[in-house]
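Since the structure comes first, as structure tokens, the remarks are kept for the end.
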Amino acid sequence: MDFHCDVSSALLKKARELDSLLAGVAEHHPYWAPSYYMTQALALLFERWNGGLSGDELEQLTWYIEKAGEAVRRLKEAG
């Protein structure tokens, strides 16, 4: 049994569980957006844990992280 595959599978499973839980949270909750985008970024990383990220995937990862950053800035401004 490959340890790296076990770890990536467990991490991906947890990211998907978080995504499922977030689906039940109202999108207007102030922490929803940063949580959602960070979870999407983590899921993408865990899907590719044992391989490389394509250029498109790197762009997608960057977009998720930028969106999470924007959401955090909005929290700071509202704070």
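Residues in the sequence shown are numbered consecutively from 84, following our numbering.
In this text, a Cβ means the ideal position worked out from N, Cα and C, and glycines have one as well.
Compute the Euclidean distance between the alpha carbons of residue i and residue j, then round it to the nearest angstrom.
i      : j      : result
Glu130 : Val90  : 11 angstroms
Thr122 : Val108 : 14 angstroms
Glu100 : Arg157 : 26 angstroms
For residue i, name the three-state secondary structure that DSSP assigns.
i      : result
Glu110 : coil
Leu95  : helix
Gly152 : helix
Arg131 : coil
Answer with buried or exposed for residue i, where buried requires no fewer than 16 other C-beta atoms within 10 angstroms of its C-beta.
i      : result
Tyr120 : buried
Leu141 : exposed
Return the chain-ordered list of same chain residues with a C-beta closer than 8 angstroms to the C-beta of residue i, the five sequence neighbours on each side being excluded.
i      : result
Ala161 : Pro113
Leu105 : Trp115, Ser118, Tyr119 and Thr122
For the alpha helix (DSSP H) that contains residue i, what are its first and last residues?
i     : result
Gly28 : Any property of residue 28 remains undetermined from this structure, which presents the chain solely from 84 to 162.
Among residues of its own chain, excluding the 5 on either side of residue i, which ones have a beta-carbon nearer than 6 angstroms to its beta-carbon?
i      : result
Ala154 : Ala116 and Pro117
Ala151 : Pro117, Tyr120 and Met121
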